[in-house]
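For the sequence shown, position 242 matches number 242 in full-length UniProt numbering, and the numbering has no gaps at all.
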Amino acid sequence: MNPQAKLIFTISLMLGTTITISSHHWVVAWAGLEINTLAILPLISKSHHPRAIEAATKYFLTQSAASALLLFSSMTNAWHTGQWDITQMTHPMSSLILTSAIAMKLGLVPFHFWYPEVLQGSPLTTGLLLSTIMKLPPITLLFMTSPSLNPTLLTTMAILSAALGGWMGLNQTQIRKILAFSSISHLGWMAIILVYNPKLTLLNFYLYALMTAAVFLTLNSMKVLKLTTLMTAWTKTPSLNAMLLLTLLSLAGLPPLTGFLPKWLIIQELTKQDMAPAATIISLLSLLSLFFYLRLAYCTTITLPPHTTNHMKQWHISKPTNMLIAILTTMSITLLPMAPMILTII
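Here it is in structure tokens:
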């Protein structure tokens with residue numbers, strides 16, 4: 001892709017995200033989401049492969065349907081209350097439609113079908129954008145409207161997302177699809193706590209984005225797309241593979257790694273809200289996703305291929321993203337002891 005075109009699309013992505021997260025009026029927020037959608041489409045389909053074109057088409061159709069629903073819910077709310085302010089979403093029917101629209105934008109169950117397919121058809125760098133930056137505006141809208149959302153609906157969607165995200169990722173061999181189902185499972189954790197403590201949802205999203213960015217950039221650096229390729233990747237970059245193992249375990253939420261922090265705080269908050277059964281169910285369902293993270297980790301470092309290669313191992317790879325991978329991986333592994341400081345910030 002032309003560098004100038006790529007620069008324009010990247011700036012448009014940042015612009016769309018900034019417009020949505022800083023707006024108070026529903027129409028402005030909707031316009032930001034539309035800019036975002038239009039900017040990411042060329043980045044999904046830039047390889048001109050039929051799979052990429054299919055992914056871009058699926059993404060466009062679902063996002064435009066979600067945007068239409070979002071605009072419809074805000075118009076219904078304005079019709080009944082005379083308010084276009086995002087925080088004044090008080091009409092119950094509008095809140096339900098809004099929750100469905102944003103669930104469709106994020107890929108929450110039962111609107112998750114498009115997400116693994118789109119991620120599978122996209123390059124790894126675009127997959128990283130879809131999993132992190134593209135989720136920020138919808139989550140911000142949920143954060144702003146959280147007092148008026150329906151807790152029962154969100155809890156049901158959250159538990160279903162954690163269940164399906166874990167269950168459907170079990171038999172996958174394509175790494176991008178595994179990461180898509182992992183994202184759906186994490187969204188379940190964010191949605192379940194949204195009504196009770198919205199700041200925890202944001203913390204969970206920030207830490208999830210941090211760990212996912214580390215995983216995507218590492219895989220992109222090693223040029224790995226399938227489990228079979230991952231098995232032989234250790235021969236080229238052993239040090240990077242060892243760090244990938246720890247980052248994957250952190251994404252699974254194992255203590256004493258960073259990924260344990262949001263899960264711990266969410267379970268604690270749910271118990272305070274007399275939702276111990278929901279906390280128990282979602283904790284048990286996270287064992288499903290732990291299985292496929294462990295399988296990825298196993299393929300990364302513990303599996304030895306039938307024969308070793310003779311070429312020199314690369315301990316230092318000279319790539320511009322190296323420093324970024326090092327910083328993200330370190331943060332993905334070591335932030336748990338800083339939990340008190342993080343909690344005072346939020």
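Idealized CB from N, CA, C, for every residue including glycine. Please read these numbers as outputs of a predicted model, since none were measured by experiment.
Check: Roughly how many angstroms lie between the CA atoms of H49 and Q273, to the nearest whole one?; Outcome: 49 Å
Check: Roughly how many angstroms lie between the CA atoms of M231 and A297, to the nearest whole one?; Outcome: 10 Å
Check: Suppose contacts are defined by Cβ-Cβ distances below 9 Å. Is L249 in contact with Y293 by that definition?; Outcome: yes
Check: For N171, count neighbouring C-beta atoms within 10 Å of its own C-beta (all shown protein chains included) and say buried if the count is 16 or more, exposed if not.; Outcome: exposed
Check: Would you decide whether G259 is buried or exposed? Buried here means 16 or more other CB atoms lie within 10 Å of its CB.; Outcome: buried
Check: Does the structure place the stretch 61-68 close enough to the stretch 96-110 that three or more beta carbon pairs sit under 8 Å?; Outcome: yes
Check: Could you tell me which residues DSSP pairs with H25 in its beta bridges?; Outcome: D85
Check: Please confirm if the stretch 213-227 is in contact with the stretch 277-287, defined as three or more CB-CB distances below 8 Å between the two stretches.; Outcome: no
Check: Inspect the beta-carbon positions of A29 and L187 and report whether they are closer than 9 Å.; Outcome: no
Check: When the Cα atoms are used, what is the spatial distance from K58 to A101?; Outcome: 16 Å
Check: How is Q174 classed by DSSP in three states: helix, strand or coil?; Outcome: strand
Check: Between M275 and M331, what straight-line distance do the alpha-carbon atoms span, to the nearest angstrom?; Outcome: 31 Å
Check: Which word fits L7, buried or exposed, when buried means at least 16 other C-beta atoms lie within 10 angstroms of its C-beta?; Outcome: exposed
Check: Sort S45, L240 and L203 by Cα distance to Q120 and report the nearest one.; Outcome: S45
Check: Report all residues from its chain with a CB closer than 8 Å to the CB of W167; omit the five preceding and five following residues, and keep chain order.; Outcome: L288
Check: Decide if S239 is buried, meaning its Cβ has at least 16 other Cβ atoms within 10 Å, or exposed.; Outcome: exposed
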